[in-house]
Structure formats: structure tokens, C-alpha cells
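Protein chains in written order, with full-length UniProt numbering: chain C, 1 to 263; chain V, 1 to 562.
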């Protein structure tokens, strides 16, 4: 993410969260936080607690974010935001938290005829292959909750559609036959099957490296009769470092009511 | 093979809950942003770094990228970065730090560097890596800022110390970490007690194959990895040679240390041009030098070691001011000085007063006027430093001093004055470390250090990445003095100046004969005749040359690049 991308991202984030952007200049942003966003980002629960108890007037903070110190006015005081900075990580986390669950309807333009909308369960998933190194894959899966059809790259389909949080006129939704919870299990099983068939030479290699390190560690303890706590700690540290595993985590997802021809 | 797969179940419970409650549902724009974020955070391959893609203004050199990659992929963020001077260890450390920050593994960072480099580190991290590093100015910084740069001397003292010990650091970076080789020091104890997840130790001096150093540095990175201290020493001290052959130790060193040499980097380095300038002492200077030298034959009158005589000899080769300062100190420190002692000192002071010119100073002036460009003068003595500053000023040349003892702000200021306003910077030894002056390409070694490593440190101030011109080194040596011997031995026979530090390290390590400086003190201090001195020197030369030949045949024990 380059600094300009970060700038654009922040702009969108605050706009989507209904915060007023007071100034938006080259290399910096000044944002008036809403009460909700102050609570979300500024980490001052005591202030808000106090305010609620006393009934005072809320005074949410203003944030000055500098995305490019070369371009921003020299005297401007604010937080420097870069890819990797804790503040940006916090905002990333907040984005994911605030947009973890969604329900949307396809905003079809068919008029004067009742259109049925089919329920889809859509999940955006991150698969992390982890040992002493790491690799992630992004997957987006859609499961139609009536006939059980499963689609990869679901998110890309969604991006090309008009979606709305309110059910459009002349539409009605069909009730799912597959319950969402068992839908999620179907998707989980789908991933497990896929992953079982993969070549896991990366994991083999990691175990080899692990064993080599263990041998080296053992060597230094060969002549020590009673293995100390240190030894166990080091051994555990090696396990944490090398042990291969795959984590499947859900980034976000939700229900999507789409027309029959949508996918 | 099957790999353990974990599926995150936390999402679905909340999802079902929201279905039942009919919301609340997120907004589509944010939903898309979240996916965008995740796509940026995804690490697409097991190998490779993310950081360079996010640093538009920086083009790291291949060896720097390789180091960062090794540290992240193979060393689990616990490493000794031991590149030769001037290869950009700061950049390497910055890359590692950035990489971990991007991966969300590191938030709280403590960077301990020499006082003179604090500002520079913070500046580089901010401008090159977009990392908001704060320099430590107030004690509350430790708690409030995520990335703090400080000198270890400040950090280890209270009230800072107590506050720092309360912090949980994700990453600690220590520059000039060779100062931590000894586990009895306060600095070592301090670093050992810091809470840390990842740790980078930066040093231009690699682990010399000394068991203790290996044990101490590795123990900082991986406490307990080498087993119990006493058992370890029992195993390896028994036969100190076993170290070189011990595969396990070698493997271990390779696991924690990376070292690049200039020659490995494939970068075209500018040349080093070395010129020895012989200085003829005036009659009075010669008289002073001889009188000091003769002290050695006068028995135990100083009540101290040969060391004092040798110090005076070396000072006499530098400036009369240096000699005077030492004499004055000797007189003041002596309790109840005998009449003989006082007379002796006063007669020497007379000789000092008889000296009216400084031959080296005159030569330096001539050179500086001829060079018409920035020049750094290194001297071992503060008195010489002051004298030179005054002397040059008399001839219309302004200069700035530089010393290890300067506060950080003053060092920064002196460096800036030198870069922008004045022609000459006069530095004493302690000032040589930790200042980067690659905008200058002339060095005058007004007097020579006896420790070759220190000499390399001096040259390393200007002969580093970013130096665009050939570097010119002028060595002053007074004829027929101890200085000339040193120069002949170390700097001509062994061609030290043309060498780079790594080679020398290897040689010294292989010899296992310790510190060159100590050998020299022995040679010049203990030899009773010129002949004995010459023989000892020839021996030393032969040993070094022998080690050099051996080096060609053997693989480095600790290159760390396997």
C-alpha cells in the first residue's frame, strides 16, 4: 500500500463511518470523529463512562492524520500513518470488525413484476499456511441456500452488482432450505477436502528444519543430567516456531439475496 | 502427509445471533474496504518480503534485502547482523522492523544506539521507512510512543530503567552490540532483563571465535539455548581449540549471525588511496621525545608501568600539549611526590616549553590548504585536538571538534556545521564511532591507533555506502620514533590500509593470539634492545602473514551465509 492508497483508504473509512472530514489536503486529513468512532478508536472508556454518568456534553476528538510528511504543512501536528503503523492496524481491525456481518439485496431494475430473490451465504476466507514461514490465500465462497450450489470467487461476482441494504420494490425473498449453520459447515468441509488433497511438502520441510534445530538444542544439553526449565521453554519455543498447521479464518460474510440469473 | 487444520468457529455464532436479531448489519462500503485491507495484508508466498512493496522511496541493495529475508524467514527475528562497517546495517534493521510491523507482529519497539546516532536513526526510520520513531527526550516517552530510539546509557539509568522494565517489547534493536560481549557489565545485565520477543544485535565486529562471546551473545537472543552456563564452559573450555572444529557451534553461529563483506556485495566500492607522510621532528621535538624515551632506563621512578612511558612517547609524537597534559596529571595524582620525582617532571616540562613548533601541525596545515576540500583529522589526544583547532584558526581555517563525550545534540550540530560551514573536523578516538561523514573523502591520521580495528572504524566513517569519490588517507609518521615502527609493521608490511576489516578479523581470530595492541605494548615496552624489538616485530609480522596464507585455504568459520 503506497502512501496515496493509505490516504484514500482513510478517507473512505471515515466517510463510510459518517465522520466529517474537516480538511483533506495533500498528505494529511483532519477528521471530526463521531461519538461512535471516538469510542471505537480513541480508547478512552473512562471518559465516556464518566460522561454517561454525569450527563455532560459529548466532545468527541478530532484526529489529524499525516499520510505524507513531505507534502503536509510543516507545522502540522498529527499522527503519521504508514503501512505497518499501529494506528493503521487498529483502523484495519476496526474495518473488519465493523463490516464482519452483512445482509444485502440485489437492486434489480425489473419493474412491475414480483421478482424472487434467492438466498446466498457468502464467506470471505483467509487460509493461512503456517510454520516458521507463512503464506495466506484469499478465498471467497458463495453457497446458495436452496439448491446447495457452491461458487468460488463469489466476491468478484458481488462487486459487479448493484446491492442495497433494503429489499427493493417488487421483490420477495425465498427462505433458505439449508440452514446457515450447516451452510457454514458445508463450506468448512469443502475447504478441508481441498486442503487434504494438496501437496504439503512445505510442512515436511518445516518438520525437517524443526528436527534439525531440536538436535542442535539437544546437543547442548547432552551432558546436563537434569533437563532444566530452560530446556523445556526452548523446546516449546521451537514447536511454536516450526509446527506446521493451517488456519482457516473468516474475514467477513453474510447473506445475499440475488436474482436467479445473478450468478 | 496430513496437516492439522483449524477452522475458526467464532464467526458463525455471532452470525447466527445477528440473523435472529435481524442485525445489525455492516455497510457495503466498509465490507469492501475490509476485503481490500485483507488482500493487502495477505502474504502470498512463503518466501519473500512485503516491506519493499510499501516503501516507494527506498531501493534497498540486494545484500540488504537478503539479510532481512534471512532474519524473517530463517532466524525467527533473533539475529546478530554483523556486516562490515558501512554496508547499511541500519537499512537492514529497518527492513526487518518494517516487515514485522506490516505483518502485525511488532508494535512496541526499543532501539538502543550510541548517543551520536540517536537522531540519525530516528530520522532514517521516519523518512525512509515511514516508521514514526521517537527520540527519547522525556521519561514518559517510553510508555507513550511505540517506537523509541535512545542511547543505552540513558536507558539503563533510573528513572528510565524502571519504566522500561515494565514494558513488553516486541522487538529490540541494539546498535554497536559488540559492547555486550561481556556478561558482567551493567549494559549486558540491562539488555538481558528486557522483555523481548524479537531481537536484533548490530555490530561491525563479528563474534570472534571466543567461546564466551558466543555464549553471551547467543544467550541474549535465545536464553537457555546453550544449556547451563557452567556445563557449557566445562565442555568447551577444556579444549579451547575444539571451538573451530565444533560443527555444532559453527551451525549455531550460522543460525544467529549474518555477515556480509564488502567483497560479497558486488557493489563497486570507491578506492582507498593511502599515503604515508614522513615527518621530520625539529631539534627540540626530538629532544623531548628522546628524554621521554630515556625514562625507561631510569628504573622504577614512576612507580608505574612501561605503559606510562609509552604513552608519553606516543604523545611526544603527537603534540607537546599532549605530553604536558599527561605530565601535569602525573604530578597532581601522585601523593606526596618525592623531590626527585618533581624534578624529573619539571625538567621534562622545560623540554616541552622549549618546543616552539609542531612539525605535524605544519604539515597538516599545508595539506589542508592544498586539498581545498573537507578534511577529517583524527588524533588520539584531546590536548592535540585543542591545539590543532587553535593552530588552524591562526591560519584562517575554522574547524569543529568532535568527541565521544559530546551530548547527542552537540554531535548532531558539529556534524552539520562540518557539512555546511567549515572545512575541517577534528575528532578524537571516541568520536570515531557512530558518525557518518560520507560527504567527506579525506582523512588525516595525525597519529595512529595501535588497534587496527579502531583504524578501520575511523576509515569506515567516510568509506561507506554513499561515498562517491575515492577515499584519501594520509598517515603521519614521525621518523625514528615508535610511530614509524608501528607504521612499518602494521601498515606497510601487512598492508592493513588496503585491507578491509573482515579480512583482518578472520586473520586475528585464526591466530588466537588476542589483541594486537597488547602485543605491541609488549614489544615496545618490554624489549631491552633495538635488536630484540626488531626480532619480536618480525615474529609478529610473520605470524600475521602466516595466518593470512591459511585464510586462503580455509572456509570462514563464521560467515553466517550458509
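Backbone N, C-alpha and C define an ideal beta-carbon position, used for all residues, glycine too.
From a predicted model like this one, the values you see are computed outputs, not experimental measurements.
Check: Using the C-alpha atoms, what's the distance from residue 78 (chain V) back to residue 559 (chain V)?
Finding: Taking the second chain and counting its residues from 1, the one referred to as residue 559 (chain V) is at position 559. Taking the second chain and counting its residues from 1, the one referred to as residue 78 (chain V) is at position 78. In this predicted model, residue 559 (chain V) has a pLDDT of only 42, less than 50, meaning its place in the structure is not dependable enough to derive any value.
Next item on the list: Closer than 8 Å by beta-carbon distance: list the chain V residues that pair up with residue 188 (chain C), in chain order.
Entry: The residue you call residue 188 (chain C) lines up with position 188 of the first chain. Chain V residues near residue 188 (chain C): 7.
Next item on the list: Verify the CB distance criterion: does residue 1 (chain V) have a CB-CB separation below 8 Å to chain C?
Entry: Counted from its first residue, the second chain places residue 1 (chain V) at position 1. By this cut-off, residue 1 (chain V) is an interface position.
Margin query: Counting beta carbon pairs with one atom in the segment 142-161 of chain V and one in the segment 213-232 of chain V, are three or more of them shorter than 8 Å?
Written below: no
Next item on the list: Following the continuous beta strand (DSSP E) through residue 120 (chain C), name the residue where it begins and the one where it ends.
Entry: Locating residue 120 (chain C) in the first chain gives position 120, where the first residue counts as 1. Start and end: 115-130.
Note to self: Under 8 Å, Cβ to Cβ, is there at least one residue of chain C near residue 263 (chain V)?
What the structure shows: Here the question's residue 263 (chain V) lines up with position 263 in the second chain. No, because no Cβ of chain C sits closer than 8 Å to the Cβ of residue 263 (chain V).
Notebook entry, point to check: Taking the C-alpha atoms as reference points, what is the distance between residue 393 (chain V) and residue 411 (chain V)?
Noted result: The residue you call residue 393 (chain V) lines up with position 393 of the second chain. The residue you call residue 411 (chain V) lines up with position 411 of the second chain. Their Cα atoms are separated by approximately 21 Å.
Next item on the list: Could you tell me whether any Cβ in chain V is nearer than 8 Å to the Cβ of residue 252 (chain C)?
Entry: Against the first chain, residue 252 (chain C) aligns to sequence position 252. Yes, its Cβ sits closer than 8 Å to a Cβ of chain V.
Notebook entry, point to check: Should residue 86 (chain C) be flagged as near chain V, meaning a C-beta pair shorter than 8 Å?
Noted result: Numbered from its first residue, the first chain carries residue 86 (chain C) at position 86. Chain V contact via Cβ: present.
Checklist line | Range covered by the alpha helix (DSSP H) that runs through residue 442 (chain V) | finding: Taking the first residue of the second chain as position 1, residue 442 (chain V) is located at position 442. Note, residue 442 (chain V): premise wrong, no alpha helix (DSSP H); beta strand (DSSP E) at 442-445.
Next item on the list: Give the DSSP-derived three-state secondary structure of residue 80 (chain C) in the structure shown.
Entry: For the purposes of this step, residue 80 (chain C) is taken as the residue at position 80 of the first chain. It is a strand residue.
Check: Under three-state DSSP, which class holds residue 148 (chain C)?
Finding: If you number the first chain from 1, residue 148 (chain C) lands on position 148. Coil at residue 148 (chain C), not helix or strand.
Checklist line | Host alpha helix (DSSP H) of residue 63 (chain C) (start-end) | finding: Here residue 63 (chain C) refers to the residue found at position 63 when the first chain is read from its first residue. Counting along the chain, residue 63 (chain C) falls outside any alpha helix (DSSP H), though it belongs to the beta strand (DSSP E) covering 62-66.
Check: Quick one: what's got a C-beta closer than 7 Å to residue 315 (chain V)'s C-beta in the same chain, skipping five residues either side?
Finding: Residue numbering aside, residue 315 (chain V) sits at position 315 when the second chain is read from its first letter. Within the same chain, residue 315 (chain V) has close Cβ partners 322, 323, 326, 381.
Next item on the list: Take the Cβ of residue 110 (chain C) as the centre, count every other Cβ of all protein chains shown within 10 Å, and call the residue buried at 16 or more, exposed below.
Entry: Here residue 110 (chain C) corresponds to residue number 110 of the first chain, with the count starting at 1. With fewer than 16 other Cβ atoms within 10 Å, it is exposed.
Checklist line | Assigned secondary structure, residue 198 (chain C) (DSSP; H/G/I helix, E/B strand, else coil) | finding: Taking the first chain and counting its residues from 1, one reaches residue 198 (chain C) at position 198. Note: residue 198 (chain C) maps to coil in three-state DSSP.
Margin query: Quick check on the DSSP output: the beta strand (DSSP E) that includes residue 117 (chain V) runs from which residue to which?
Written below: By one-based count along the second chain, residue 117 (chain V) stands at place 117. Neither: residue 117 (chain V) is in no beta strand (DSSP E) and is coded neither H nor E.
Next item on the list: Using the Cα positions of residue 50 (chain V) and residue 329 (chain V), report the straight-line distance between them to the nearest angstrom.
Entry: Translated into the one-based positions of the second chain, residue 50 (chain V) becomes position 50. Translated into the one-based positions of the second chain, residue 329 (chain V) becomes position 329. So the two alpha carbons sit approximately 58 Å from each other.
Next item on the list: Tell me residue 199 (chain V)'s beta-bridge partners as DSSP assigns them.
Entry: Residue mapping note: residue 199 (chain V) aligns to position 199 of the second chain, counting from 1. V:78, V:172, per the DSSP bridge assignment.
Item checked: Close beta carbons around residue 407 (chain V), own chain, < 8 Å, minus the five adjacent residues each side -> For the purposes of this step, residue 407 (chain V) is taken as the residue at position 407 of the second chain. Same-chain partners within the cutoff: 115.
Notebook entry, point to check: Going along chain V in order, which residues have a C-beta closer than 8 Å to the C-beta of residue 12 (chain C)?
Noted result: On the first chain, position 12 is the one that residue 12 (chain C) refers to. Neighbours of residue 12 (chain C) on chain V, chain order: 29, 33.
Margin query: Are there any heavy atoms of the ligand MG lying less than 7 Å away from the beta-carbon of residue 167 (chain C), as far as the coordinates show?
Written below: No copy of the ligand MG appears in this structure; indeed no ligand is present at all.
Note to self: Taking only three categories from DSSP, how would you classify residue 70 (chain C)?
What the structure shows: By 1-based counting over the first chain, the position of residue 70 (chain C) is 70. If DSSP states are grouped into helix, strand and coil, residue 70 (chain C) belongs with coil.
Check: According to the Cβ coordinates, are residue 127 (chain C) and residue 263 (chain C) closer than 8 Å?
Finding: Within the first chain, numbered from 1, the residue matching residue 127 (chain C) stands at position 127. Within the first chain, numbered from 1, the residue matching residue 263 (chain C) stands at position 263. For residue 127 (chain C) and residue 263 (chain C), no; Cβs fall outside 8 Å.
Next item on the list: Please classify residue 469 (chain V): does DSSP put it in a helix, a strand, or coil?
Entry: As a first step, residue 469 (chain V) must be located in the second chain, where it is residue number 469. If DSSP states are grouped into helix, strand and coil, residue 469 (chain V) belongs with coil.
Next item on the list: Give me the Cα-Cα distance between residue 60 (chain V) and residue 5 (chain C), rounded to the nearest whole angstrom.
Entry: Locating residue 60 (chain V) in the second chain gives position 60, counting from the first residue. Locating residue 5 (chain C) in the first chain gives position 5, counting from the first residue. For residue 60 (chain V) and residue 5 (chain C), the distance between alpha carbons rounds to 22 Å.
Item checked: Nearest-angstrom Cα separation, counted from residue 130 (chain C) out to residue 203 (chain C) -> Walking along the first chain from the start, residue 203 (chain C) turns up at place 203. Walking along the first chain from the start, residue 130 (chain C) turns up at place 130. Taking the straight line from one Cα to the other gives about 9 Å.
Margin query: Does residue 346 (chain V) pass the burial test, meaning 16 or more other C-beta atoms within 10 Å, or should it be called exposed?
Written below: Mapped onto the second chain, residue 346 (chain V) falls at position 346. Looking at its Cβ environment, which holds fewer than 16 other Cβ atoms inside 10 Å, residue 346 (chain V) is exposed.
Next item on the list: Flag this pair as yes or no: are the beta carbons of residue 251 (chain C) and residue 160 (chain C) separated by less than 8 Å?
Entry: As a working note, residue 251 (chain C) is residue 251 in the first chain. As a working note, residue 160 (chain C) is residue 160 in the first chain. Against a cut-off of 8 Å, the Cβ pair of residue 160 (chain C) and residue 251 (chain C) comes out as no contact.
Notebook entry, point to check: Quick one: which chain C residues come within Cβ less than 7 Å of residue 144 (chain V)?
Noted result: Here residue 144 (chain V) refers to the residue found at position 144 when the second chain is read from its first residue. The premise fails here: residue 144 (chain V) is roughly 12 Å from chain C at the closest Cβ pair, so nothing lies under 7 Å.
Next item on the list: Buried or exposed for residue 241 (chain V), please, with buried defined as at least 16 other CB atoms from any protein chain shown within 10 angstroms of its CB.
Entry: The residue labelled residue 241 (chain V) in the question sits at position 241 within the second chain. Confidence in residue 241 (chain V) is poor, its pLDDT being 49 and thus under 50, which makes the residue's placement unreliable; the coordinate value appears in the next sentence. So residue 241 (chain V) counts as exposed.
Checklist line | Which residues DSSP lists as bridging residue 319 (chain V), in chain order | finding: One-based indexing of the second chain puts residue 319 (chain V) at position 319. None, per the DSSP bridge assignment.
Item checked: Boundaries (first-last residue) of the alpha helix (DSSP H) holding residue 263 (chain V) -> As a position in the second chain, residue 263 (chain V) is number 263, starting the count at 1. Residues 262-265.
Notebook entry, point to check: Taking Cβ positions, are residue 360 (chain V) and residue 279 (chain V) nearer each other than 8 Å?
Noted result: On the second chain, residue 360 (chain V) is found 360 positions in, with the first residue counted as 1. On the second chain, residue 279 (chain V) is found 279 positions in, with the first residue counted as 1. Against a cut-off of 8 Å, the Cβ pair of residue 279 (chain V) and residue 360 (chain V) comes out as a contact.
Margin query: What are the residues in the segment 96-116 of chain V lying within 9 Å of chain C by C-beta distance?
Written below: 97, 98, 99, 100, 101, 102, 103, 104, 106, 107, 108
Note to self: Counting beta carbon pairs with one atom in the segment 28-40 of chain C and one in the segment 58-78 of chain C, are three or more of them shorter than 8 Å?
What the structure shows: yes
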